[in-house]
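These notes concern the structure reproduced below.
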Amino acid sequence: MIYELNITDTAQKNISSSECKTLTPELLLKAESIKKYFPVRGGFLKPADKWIRAVDGVSFDVKKDSVFAIVGESGCGKSTAARLILKLLPLTDGKIFFKGQDIAVITGDELKRFRRSVQIVFQDPFASLNPRMRVIDTLSEPFRIHRIIPKNEIKDKVEHLIEKVGLNADALNKYPHEFSGGQRQRICIARALTVSPELIVADEPLSALDVSIQAQILNLIHDIKKETKISLIFISHDLKVVHYISDEVAVMYLGRIVEKAKTEDIFNAPKHPYTELLLASAPKLKVRSDELGVMSKESKLLTLKSKLKTDIGDVPSSIDIPSGCPFHPRCPKRFDVCDKVVPELKDSDGRLVACHLY
Ligand SMILES: Nc1ncnc2c1ncn2[C@@H]1O[C@H](COP(=O)(O)OP(=O)(O)OP(=O)(O)O)[C@@H](O)[C@H]1O
Ligand code: SF4
Ligand SMILES: [Mg+2]
18 MIYELNITDT
28 AQKNISSSEC
38 KTLTPELLLK
48 AESIKKYFPV
58 RGGFLKPADK
68 WIRAVDGVSF
78 DVKKDSVFAI
88 VGESGCGKST
98 AARLILKLLP
108 LTDGKIFFKG
118 QDIAVITGDE
128 LKRFRRSVQI
138 VFQDPFASLN
148 PRMRVIDTLS
158 EPFRIHRIIP
168 KNEIKDKVEH
178 LIEKVGLNAD
188 ALNKYPHEFS
198 GGQRQRICIA
208 RALTVSPELI
218 VADEPLSALD
228 VSIQAQILNL
238 IHDIKKETKI
248 SLIFISHDLK
258 VVHYISDEVA
268 VMYLGRIVEK
278 AKTEDIFNAP
288 KHPYTELLLA
298 SAPKLKVRSD
308 ELGVMSKESK
318 LLTLKSKLKT
328 DIGDVPSSID
338 IPSGCPFHPR
348 CPKRFDVCDK
358 VVPELKDSDG
368 RLVACHLY
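Note that the sequence shown covers residues 18 to 375 in this note's numbering.
Below, the structure is given as structure tokens:
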């Protein structure tokens with residue numbers, strides 16, 4: 018159910034310009050035309066003469082208890098979008114609202130609450146764990162910083178968490194180097210869960226892992242999601258992985274969304290030629306069941322390739338974005354208008370597509 022806030026005269030005065038004017042009860046995060054341009058300088062202290070348009074006018078909503086996936090090839094702006102959402106980078110333009118509040122202007126206690134509510138799981142589970150801290154200290158730290166529970170309850174809570182991600186309590190006294198990549202990613206997931214977040218941004222959480230481990234971690238994320246009802250922004254270059262876990266998918270190309278739809282629609286009938294090509298070129302791997310342990314039947318159908326190989330040539334640079342449709346140099350369906358006019362992202366049968374064919 019979508020409703021416009023019914024703003025009475027009195028209420029109007031209480032709503033600052035930093036609040037989102039369109040709210041739905043189920044809306045958690047809203048990105049409105051967000052942009053991030055990085056300057057390219059010819060030399061030290063010289064003014065920028067060009068800009069990398071890493072994220073170039075992207076809009077999307079993340080609903081409560083849902084998984085929103087962002088998919089695209091390397092360099093299309095996925096991680097930059099993640100860092101903007103986490104308020105780790107300032108926006109060049111646009112707005113991000115978390116529970117109706119503009120994250121650009123939040124400070125003090127509101128910022129602390131935001132930092133607690135939105136957590137990240139990174140691609141590289143080794144780099145994101147402090148090698149000098151035992152797991153128990155890594156997992157206890159957020160409880161201490163945010164003073165969530167009394168000190169004498171932290172140990173029990175941490176033990177519960179480590180078991181929830183499929184590790185034994187023995188793991189708590191060990192250091193990160195004593196674990197495999199998959200186990201380390203389980204610890205990172207446990208750390209993200211410590212503060213009971215409302216949103217987890219998972220930036221390629223599988224791609225640094227062995228193929229045989231990826232499905233197990235994906236299943237863990239899936240189970241935790243089901244149990245906790247936390248929302249997820251799941252970033253991946255692998256469309257097949259996204260199929261398994263997400264409710265909605267945004268396909269990004271050179272900093273823009275080219276198609277956004279319900280996951281099933283994207284997979285059953287992709288519309289944008291780039292989405293079609295990504296799907297067609299995603300390798301169909303036959304995964305041996307002994308590699309999958311206790312995986313569900315559904316999971317066994319997953320493609321577990323760590324890098325999506327496409328046979329549609331190289332991605333152009335985000336500095337010199339092609340004229341017209343940015344995808345036109347690689348598009349098998351391009352026609353005369355494609356290199357001249359930028360296609361807008363617009364509705365086509367209930368989904369959004371940026372292509373002159375629709
Ligand atoms: N801090 C930065 N300074 C300058 N350019 C940057 C910076 N961070 C990212 N970029 C550039 O912005 C573009 C988007 O990068 P980003 O890391 O967001 O892509 P990505 O989709 O996450 O790629 P990958 O799949 O390889 O992780 C790239 O051209 C990248 O080189
Ligand atoms: S607008 Fe033209 S070039 Fe771009 S995806 Fe559509 S058909 Fe291809
Ligand atoms: Mg990235």
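Note that beta-carbon positions come from the ideal geometry of N, C-alpha and C, so glycine has one too.
Could you pull the start and end residues of the beta strand (DSSP E) that aspartate 110 belongs to? As a working mapping, residue 110 is identified with position 93 in the sequence shown. First-last of the beta strand (DSSP E) with aspartate 110: 110-115.
Indicate, with yes or no, if ligand 1 has a heavy atom lying under 8 Å from the CB of aspartate 254. Taking the sequence shown and counting its residues from 1, one reaches residue 254 at position 237. The sequence shown places histidine at residue 254, not aspartate. Histidine 254 Cβ: within cutoff of ligand 1.
Starting from glycine 74, trace the beta strand (DSSP E) both ways and give me its first and last residue. The residue given as residue 74 occupies position 57 in the sequence shown. Its beta strand (DSSP E) spans residues 65-80.
Is the closest heavy atom of ligand 3 to the C-beta of lysine 53 under 8 Å? Counting from 1 along the sequence shown, the entry for residue 53 is found at position 36. For lysine 53, the CB stays at least 8 Å from every heavy atom of ligand 3.
On the three-state DSSP scale, how would you describe glutamine 231? For the purposes of this step, residue 231 is identified with residue 214 of the sequence shown, where counting begins at 1. If DSSP states are grouped into helix, strand and coil, glutamine 231 belongs with the helices.
Consult DSSP for isoleucine 282 and reduce its assignment to one of helix, strand or coil. Within the sequence shown, the letter at position 265 stands for residue 282. Strictly speaking, residue 282 in this sequence is aspartate, with isoleucine absent from that position. Helix at aspartate 282.
Do you know whose CA, among Ile274, Val228 and Lys288, lies nearest lysine 95's CA? Indexing the sequence shown from 1 puts residue 95 at position 78. The residue with the shortest Cα to Cα distance from lysine 95 is Ile274.
With DSSP run on the structure shown, which of helix, strand or coil describes lysine 95? As a first step, residue 95 is located in the sequence shown; it is residue number 78 there, counting from the start. Here lysine 95 sits in helix by DSSP.
Shorter than 8 Å, the distance from the beta carbon of isoleucine 120 to the closest heavy atom of ligand 1, or not? Numbered from its first residue, the sequence shown carries residue 120 at position 103. No, Cβ of isoleucine 120 sits at least 8 Å from all heavy atoms of ligand 1.
With three or more beta-carbon pairs closer than 8 Å as the criterion, would you say the segment 48-65 touches the segment 81-88? Because the criterion of three Cβ pairs below 8 Å is not met, the segment 48-65 and the segment 81-88 do not touch.
Phenylalanine 55, enclosing beta strand (DSSP E) - first and last residue: As a working note, residue 55 is residue 38 in the sequence shown. Counting along the chain, the beta strand (DSSP E) containing phenylalanine 55 begins and ends at 44-58.
Is any non-hydrogen atom of ligand 4 found closer than 8 Å to the C-beta of lysine 172, if you look at the structure I gave you? Ligand 4 is not part of this structure, which contains only ligand 1, ligand 2 and ligand 3.
For the segment 181-230, which segments carrying the beta strand (DSSP E) assignment without a break, of at least 3 residues, lie completely within its bounds, in sequence order? Taking 3 residues as the minimum length, the beta strand (DSSP E) runs contained wholly in the segment 181-230 are 216-220, in order along the chain.
Residues with C-beta closer than 5 Å to any heavy atom of ligand 1, in chain order: Listed along the chain, these residues meet the criterion: Phe55, Ile69, Ala71, Ser91, Gly92, Cys93, Gly94, Lys95, Ser96, Thr97 and Ser335.
Could you tell me if the beta carbon of lysine 363 falls within a distance shorter than 8 Å of some heavy atom in ligand 2? Start at 1 with the first residue of the sequence shown, and residue 363 comes out as number 346. Taking 8 Å as the cut-off, the C-beta of lysine 363 does not count as close to any heavy atom of ligand 2.
Please state the DSSP three-state secondary structure of aspartate 141. Counted from its first residue, the sequence shown places residue 141 at position 124. In the structure shown, aspartate 141 sits in coil (DSSP, three-state: anything other than H, G, I, E or B).
Going by DSSP, what residue range makes up the beta strand (DSSP E) through isoleucine 120? Position 103 of the sequence shown holds residue 120. Where isoleucine 120 is concerned, there is no enclosing beta strand (DSSP E), because DSSP gives it neither an H nor an E.
Specify the secondary structure class of arginine 351 as computed by DSSP and reduced to three states. As a first step, residue 351 is located in the sequence shown; it is residue number 334 there, counting from the start. Note: arginine 351 maps to coil in three-state DSSP.
Identify, in the order they occur along the chain, each residue of the same chain with its Cβ nearer than 7 Å to the Cβ of histidine 260, setting aside the five sequence neighbours on each side. Within the sequence shown, the letter at position 243 stands for residue 260. Result list for histidine 260: Thr280 and Phe284, in chain order.
Give me, in chain order, the residues of the same chain whose beta-carbon lies closer than 7 Å to that of leucine 103; leave out the 5 immediate sequence neighbours on both sides. Within the sequence shown, residue 103 is the residue found at index 86, counting from 1. Closer than 7 Å at the Cβ level, and outside the excluded window around leucine 103, lie Val135, Ile137 and Val218.
Coil, strand or helix - serine 83 by DSSP: Working through the sequence shown from its first residue, we reach residue 83 at position 66. Here DSSP, grouped into helix, strand and coil, assigns serine 83 to coil.
In terms of residues, what are the limits of the alpha helix (DSSP H) holding leucine 294? In the sequence shown, counting from the first residue as 1, residue 294 sits at position 277. Per DSSP, leucine 294 belongs to the alpha helix (DSSP H) from 290-298.
Which residues share a DSSP beta bridge with isoleucine 250? Translated into positions along the sequence shown, residue 250 becomes position 233. Isoleucine 250 is bridged to Phe85 and Val218.
Could you pull the start and end residues of the beta strand (DSSP E) that serine 365 belongs to? Taking the first residue of the sequence shown as position 1, residue 365 is located at position 348. Residue range 363-365 is occupied by the beta strand (DSSP E) that includes serine 365.
Which class does valine 370 belong to by DSSP, given the choice of helix, strand or coil? Walking along the sequence shown from the start, residue 370 turns up at place 353. Three-state DSSP puts valine 370 in a strand.
I'd like to know if the segment 172-181 and the segment 201-215 are in contact, where contact means that at least 3 CB-CB pairs between them fall below 8 Å. Output reads yes: the segment 201-215 touches the segment 172-181.
Quick one, what's near ligand 2 if you take every residue whose CB is closer than 7 Å to any heavy atom, in chain order? Those satisfying the condition are, in chain order, His289, Pro290, Tyr291, Cys342, Phe344, His345, Cys348, Lys350, Arg351, Phe352, Cys355, Pro360, Cys372, His373 and Leu374.
Determine the direct distance from the alpha carbon of aspartate 154 to that of proline 193, and round the result to whole angstroms. For this step, residue 193 is matched to residue 176 along the sequence shown. For this step, residue 154 is matched to residue 137 along the sequence shown. So the two alpha carbons sit approximately 11 Å from each other.
Confirm the yes/no value for this check: CB of glutamate 221, any heavy atom of ligand 3, distance under 8 Å. Numbered from its first residue, the sequence shown carries residue 221 at position 204. It does: the Cβ of glutamate 221 is within 8 Å (strictly closer) of some heavy atom of ligand 3.
Along the chain, where does the alpha helix (DSSP H) that runs through glutamate 170 open and close? Residue mapping note: residue 170 aligns to position 153 of the sequence shown, counting from 1. Looking at the DSSP string, glutamate 170 is not in any alpha helix (DSSP H), and its letter there is neither H nor E.
When you compare the CB positions of isoleucine 247 and leucine 216, do they come within less than 9 Å of one another, or not? Within the sequence shown, numbered from 1, the residue matching residue 247 stands at position 230. Within the sequence shown, numbered from 1, the residue matching residue 216 stands at position 199. The answer is yes: Cβ separation under 9 Å.
Is leucine 374 closer than 9 Å to proline 391 when the C-beta atoms are compared? Nothing can be reported for residue 391: it is not among the residues displayed for the chain, which extend from 18 to 375.
Assigned exposure category for serine 213 - 16 Cβ within 10 Å defines buried: Within the sequence shown, the letter at position 196 stands for residue 213. Exposed, since its Cβ has fewer than 16 Cβ neighbours within 10 Å.
Which word fits valine 88, buried or exposed, when buried means at least 16 other C-beta atoms lie within 10 angstroms of its C-beta? In the sequence shown, counting from the first residue as 1, residue 88 sits at position 71. Under this definition valine 88 is a buried residue.
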